[in-house]
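Here the sequence shown is numbered in the numbering used here, starting from 124 and rising by one per residue. Where is the CB? At the ideal position from N, CA and C, for every residue including glycine. Below is one structure, written out as structure tokens, with a few remarks after it.
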Amino acid sequence: MSSSNNRFYQIIRFRWLIIFTSILLTVLMAMGLQNLAFNPDSRVFFSQQNPQLVALEELENTFVKNENIYIALRPEEGDVFNRKTLSVLRELTEACWQIPFSSRVDSIANFQHMAVQGDDLSVDDLVTDATKLSDQEIKKIRDIVLNEHALVHHLINPAGT
């Protein structure tokens, strides 16, 4: 009998022992997963005495940390430019202002859009009350958003979905 045939024979002969041992080792290794954690903070790579880290923390204590939360919203069908989705987006934008310590909320709903009427220049939120928007106003909002470099690829994809 060749050595490879002998190995296969041994595996078949002791299959239950091998299966039990494999399951036992898997369970024992999985028990260690409860201590596994992910820390996305890049500061874990530096000691507390690192001069650059100390300087950064002093700067942040003096001014402000740059910590962001991103909330993605996707409609069930079509693009975001409909009354229901724009209304939800407006409500979500308002709710985000209530998050403790929030200092800025960026959204297509509160995007500051400038409009010129004669000699007057007005700056307003792009979406105020989505439930009262006409189809023509929604189309205008869509055109403004999808042609605004500050929004496309930052707050919305080029398709508007």
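Beta-bridge analysis with DSSP links residue 240 to 243. A distance below 6 Å between beta-carbons, with the five flanking residues on each side excluded, links residue 180 to no residue of its chain. In chain order, 231, 234 and 268 place their CB closer than 7 Å to the CB of residue 274, counting only its own chain and leaving out the 5 sequence neighbours on each side.
In the assembly as shown, residue 284 is an exposed residue. Its beta-carbon has fewer than 16 other beta-carbons within 10 Å. For residue 139, the enclosing alpha helix (DSSP H) covers residues 138-154. A contact between stretches requires three or more CB pairs, one per stretch, nearer than 8 Å, and the region 256-263 fails this requirement with the region 216-227. The residue from 206, 201 and 183 with its alpha-carbon nearest to that of residue 282 is 201. In chain order, 237 and 238 place their CB closer than 8 Å to the CB of residue 244, counting only its own chain and leaving out the 5 sequence neighbours on each side. Taking a 10 Å sphere around the C-beta of residue 250, we find 16 or more other C-beta atoms and assign the residue as buried.
In the three-state reduction of the DSSP assignment, residue 231 falls in the coil class. Burial check for residue 182: the Cβ neighbour count within 10 Å stays below 16, so the residue is exposed.
For residue 206, the enclosing alpha helix (DSSP H) stretches over residues 206-219. Secondary structure note for residue 178: its alpha helix (DSSP H) is the uninterrupted segment 174-185.
The criterion of a C-beta distance shorter than 8 Å is not satisfied by residue 253 and residue 197.
Residue state for residue 222 is assigned as coil, using DSSP reduced to three classes. Beyond the five residues adjoining it in sequence on each side, residue 149 comes within less than 8 Å, by CB distance, of no other residue in the same chain.
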